[in-house]
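Only one structure is covered here, and it is reproduced in the block below.
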Amino acid sequence: MSAKRRPSRLLIVSNRLPVTVDRRSGELTYHSSVGGLTTGLSSYTENTSRETRWIGWPAISTPRLDAVERTRMRETLINDHQSEPVLLTDRDISDYYYGFSNRTLWPMFHNFTENIEYSARTWVAYERVNRKFADAVVESAGPHDLIWVQDYQLMLVPALLRERLPDANIGFFLHIPFPSFETFRMLPWRRQIVEGLLGADLVGFHTYDYARHFLTSARSLVGLSEQRSELHVNGRRVLVDAFPMGIDFARYSRAARSPSAARQVRQLTTGASGAQKVVLSVDRLDYTKGIPGRLRAFDRFLEEHPEWRGKVMMICVAVPSRSQVREYRHLKEEVDRLVGQLNGRWSTIGWTPVRYMYRSLPFERLTGLYASSDVALVTPLRDGMNLVAKEYCAARNDLSGVLVLSEMAGAAKELGEAILVNPNDSDAMVDALLQAIEMPAEEQSRRMEALRSRIERYDVYRWVNEFLGSLEKVKESQANDVAHGLDEKTTRKLLKAYRTADHRVLLLDYDGTLVPFGERPEKVIPDEMALSLVRDLSLEPRNDVVLVSGRDRHTLERWLGHFPISLAAEHGVWVRPKGGEWATIEPMSDSWKPRIRQVFEIFVDRTPGSFIEEKDFSLVWHHRNVQHNLAETRKVELREALAGMLPSMGLDAMEGNQVIEVKRAEINKGRAVHQWIPADEGTFVLALGDDRTDEDVFEVAPDDAWTIKVGLETTAARFSVPDVWAVRALLCRMTQEDK
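If you read the sequence shown in our numbering, its first letter stands for residue 507, the second for the next number, and so on.
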C-alpha cells in the first residue's frame, strides 16, 4: 500500500513569532506579539484551511530558561500556537538584531545613511543567527512545504536553505524599502545579501520601485541577466515582483462598529475640551516615521492659522521601539521635548493641543481612535508600505475622515485619493493639514469611498494568496524549462549511442562552447586543445562535424578551414559544406549598414569599453568590457533606438553573449543547419551551444538528438553542462570511443 503524500504546509519564517513568551512571577506566559507583520499574517493563518507553522524567536533569551523550561516552552508553542522557537542568546539579540539588522540594514534601506554603522562583529552575528533560523527550517520542512521567509533580518536564509534543500519551494518578502544601488553599494557585504535573497524562487516587495532597485543590484553585483523581472541563477528561474501588503479590512471595519470602540472614542477624546477636529498620529517611535516633523508642522499650523486654536487637537500615539538603540533613545527625548514645547506654547485652561501617549494600544482602543479622528496624519520620511494608513480608512464606515499620506510611503502608490505630501516640505505639510481639516463632507466621502474600495479588494488574504500562487507557479515553470545536468550516468548513455551509431552529425558552436570568451573577439584564437578535438572528430569517417558560429567566414576559414568539416558563419548567413565553397544562404545585401552604424557609433561614444564589429552582412555592438550597470542601461536604450528602424528594413536585433547583433531577420543558425540534419532516425545528432543564438539549433534538432546547453540557463536543450571545460571533457571522451 503506497503512502499518501502529505499536503503541503506553509512555513512562515520571521524574526519574531506571533506569540511572545515572557516570565511573570516566575512563570512563563504567552501573549500575542505586536507588529504589522504578525498582525497581518495572523489574520490569514487563523482563517486558512492550509496547515501553517510559524518559525521564529519567541522574544525570550536562552540564558533565562533552564532545560526543563525550554522543553516545556517548545511543546506549548508547537501544540498550542503552531509555532517553533528559534532560541537566541543575549549576544545574538544584541549583535544580530539591535546591531546589524537595526544599526546597519534598517538605516541603509530607509536611506538614513548618516545613521549606518559598519561592524564586522555584527555581520558575523547576522550570519550566525541566519544559520540558526535555516537549521530550524531544515529540521521542520517536509518535501512539499512552502517556505516563506520574512523581512530584512533573515536575508541570508533563502540561500542557506537552497544549499541544503535544493528542491525546496522558497519565497521571500521584504517589508521595508530596498534601496537604490548607489546606496546599497556602500554595504561591504552587499553581494552576500543579494546572493542570500537569490536562494528564493520568488522575491517579493511592496512596490515596483523596490523590485527595480533589487534587480539593478542583482545585475550589477552578480552579473545576472534579467528578462521580464526574472533572473536566472545557476539554471534556476527566480521571479522578482511587487505585492503590496493588505490588511484584514473586515476586521477593522467590524471593530469600528462595536460598542467597545464607541466607549473608547468617548474615553480617548475626553479632554478635547471643545475641539471640533481631531488629528491622529499613530506610529512606532522610529526615526523613519517623521514624528518630530509632524509635531513641528502642527506647531506651524497653529501659528499660521490662529482661527483653529482651541478647535483642533492632535492625538499622538508613539509605540515604544528598540529603546536599546542610541538613536531611538535620542528620538524619544526629542519627541518628549517637542510635545512639551508645543503644549507649553499654545495650551489654554480649557484646551491642550497635543495629547501624547507613549505606549502600545489594544486593538479595540486603536480602532476606536481611527473611528473618531477627523484626520489621520501619516507622514513617514521613508516607509516600505505603512498599514496605519489602510487601517484608518477601513475603520471609516461612514466615509468621513481625511487621510494625509507621505509620498515616501509605499502605500502612496495605491492610495492616490489621500492628500499626498512631501514630509520634508514644511509648507506643504501645513497646507495639507488645513486642506484636510477644512475639507467638505462631500469630498471626504468621495475620496474615502474610493480608498476603502481599493483596500477592501486587495486585503491581506488576497496578498497572501497572490504571493503563494506566484510562488507555486514559478516552481512549476522551473520544472518545465531547465535542462537536466549531464551527469555521469547520462554521459555513458550518450557515449554508447555515439559509439554504436553508423552516422553522426556534430553541430558545434565556437565562442563560449569550444573556447572561452575573451575581452576582444579577434584574440580568442583556438588553442591546441580545441584544434586537437576538432581534428580528431573530423577525421573519424562516420562523423559530419559542422561548426556553426557568429564569427565572420574569413576568420573561420583561417582558423578551421583546413579541417574536413562544414562551416556556417555569421549565424548562418554564410555556409561552406565540407570540401565545398562559401555561399550565402540566400541573396544578401548590406546597403542598410551605414544607417545602423551611425546608431552604433553614438552608443560607442556614450559607452566606454564598447566597440563595433563589422561582418559581411551584420553589425555587432560588443559590451563585454563595459561596467555591468551601464551596459544594461545602454542595451535597453539601443534596443529602443533600433525598434522603430529594423522592421521596415527586414532586420532583427539579436542579443547574444554580451553583444547585440543586427542582421537579416529570417537568418539564424537553425535555418543554416537544416541541410545537415538527417531524415532517418538512426543518426546520432549532437548539438552544443551556449547562448540564445544556439536555441534555434536546439529547436530544429530531432527529438532524440543530444542537445546540450553550455551554462545553466533556461533553454530548449535537453541537457546542460556548466562551462567550456565540461564541453572539452565530453568531446575528449567521444574521441576516445573512436580509438
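Yeah, the Cβ is synthetic: ideal placement off N, Cα and C, and Gly gets one too.
Residue i, buried or exposed, once every other Cβ within 10 Å from all chains shown has been counted against 16
| i | result |
| --- | --- |
| residue 627 | exposed |
| residue 630 | exposed |
| residue 1023 | exposed |
| residue 1045 | exposed |
| residue 1127 | buried |
| residue 915 | buried |
| residue 1245 | exposed |
| residue 991 | exposed |
| residue 809 | exposed |
| residue 836 | exposed |
| residue 648 | exposed |
| residue 522 | buried |
| residue 692 | exposed |
| residue 616 | buried |
| residue 1092 | exposed |
Spatial neighbours of residue i in its chain, beta-carbon cut-off 7 Å, leaving aside the 5 residues before and after
| i | result |
| --- | --- |
| residue 1157 | 1098, 1168, 1169, 1170, 1171 |
| residue 965 | 752, 753, 754, 755 |
| residue 1121 | 1058, 1076 |
| residue 743 | 736, 980, 983, 984, 987, 1220 |
| residue 968 | 752 |
| residue 510 | Confidence in residue 510 is poor, its pLDDT being 46 and thus under 50, which makes the residue's placement too unreliable to answer from. |
| residue 1144 | 1109, 1127, 1166 |
| residue 1180 | 1206 |
Cβ-based neighbour list, residue i, same chain, cut-off 8 Å, excluding 5 preceding and 5 following
| i | result |
| --- | --- |
| residue 507 | With a pLDDT of only 37 at residue 507, under the threshold of 50, the placement of this residue in the model should not be trusted, and no figure is reported. |
| residue 702 | 636, 661, 662, 663, 664, 665, 666 |
| residue 1190 | 1003, 1004, 1007, 1009, 1010, 1011, 1212 |
| residue 681 | 542, 543, 656, 657, 658, 712, 751, 890, 891 |
Through-space distance from residue j to residue i, alpha-carbon basis
| i | j | result |
| --- | --- | --- |
| residue 769 | residue 875 | 10 Å |
| residue 1035 | residue 978 | 45 Å |
| residue 816 | residue 1136 | 57 Å |
| residue 1148 | residue 1159 | 8 Å |
| residue 720 | residue 657 | 14 Å |
| residue 1235 | residue 1141 | 34 Å |
| residue 1224 | residue 995 | 15 Å |
| residue 584 | residue 950 | 47 Å |
| residue 722 | residue 1194 | 31 Å |
| residue 1215 | residue 973 | 31 Å |
| residue 1124 | residue 1166 | 10 Å |
| residue 1237 | residue 1078 | 23 Å |
| residue 1161 | residue 887 | 41 Å |
| residue 1242 | residue 624 | 56 Å |
| residue 1239 | residue 1054 | 21 Å |
| residue 827 | residue 1131 | 48 Å |
| residue 654 | residue 643 | 10 Å |
| residue 708 | residue 670 | 18 Å |
| residue 706 | residue 745 | 9 Å |
| residue 1228 | residue 609 | 40 Å |
| residue 767 | residue 842 | 28 Å |
| residue 530 | residue 963 | 42 Å |
| residue 1090 | residue 1173 | 10 Å |
Close-in-space but distant-in-sequence residues of the same chain around residue i (CB under 6 Å, 5 per side omitted)
| i | result |
| --- | --- |
| residue 607 | 659 |
| residue 461 | The first residue shown for the chain is 507 and the last is 1245, placing residue 461 beyond what the model contains. |
| residue 540 | 866 |
| residue 713 | 748, 916, 919 |
| residue 1155 | 1098 |
| residue 571 | none |
| residue 1129 | 1116, 1137, 1164 |
Check: residue i C-beta below 7 Å from any heavy atom of the ligand NAP
| i | result |
| --- | --- |
| residue 1061 | Summarising the ligand content, the structure contains no ligands, and the ligand NAP is consequently not present. |
Checklist entry - Is the segment 674-681 touching the segment 928-942 in the sense that three or more CB pairs, one from each, lie closer than 8 Å? => result Judged by pairs of C-beta atoms under 8 Å, the segment 928-942 does not touch the segment 674-681, as fewer than three such pairs exist.
Next on the checklist: Counting beta carbon pairs with one atom in the segment 753-764 and one in the segment 795-807, are three or more of them shorter than 8 Å?
Outcome noted: no
Checklist entry - With a cut-off of 8 Å, do at least 3 Cβ pairs link the segment 686-695 to the segment 547-556? => result Cβ pair count under 8 Å is below three, so no.
Next on the checklist: Between the segment 557-565 and the segment 517-527, can you find at least three pairs of beta-carbon atoms closer than 8 Å?
Outcome noted: yes
Checklist entry - Hey, which unbroken runs of the alpha helix (DSSP H) at 4 residues or more fall wholly within the segment 784-835? => result 797-810
Item to check | Whole alpha helix (DSSP H) elements within the segment 1008-1084, 4-residue minimum | outcome: 1034-1045, 1059-1066
Checklist entry - Going along the chain, which unbroken runs of the beta strand (DSSP E) with 3 or more residues stay wholly within the segment 646-677? => result Counting only runs of 3 or more, we get 652-656.
Checklist entry - Of all the beta strand (DSSP E) runs that stay within the bounds of the segment 726-769, which reach a length of 3 or more residues? => result 736-739, 742-748
Checklist entry - Are at least three pairs of beta-carbons, each pair with one atom in the segment 889-900 and one in the segment 911-931, less than 8 Å apart? => result Taking 8 Å as the limit for Cβ pairs, the verdict is that the segment 911-931 does touch the segment 889-900.
Next on the checklist: With three or more C-beta pairs closer than 8 Å as the rule, is the segment 522-540 touching the segment 565-572?
Outcome noted: yes
Checklist entry - In chain order, which continuous runs of the beta strand (DSSP E) of length 3 or greater are located wholly inside the segment 1187-1222? => result 1190-1195, 1212-1216
Next on the checklist: Quick check on the DSSP output: what are the complete alpha helix (DSSP H) runs of length 4 or more inside the segment 867-952, in order along the chain?
Outcome noted: Within the segment 867-952, the complete alpha helix (DSSP H) runs of at least 4 residues are 869-878, 894-900, 932-943.
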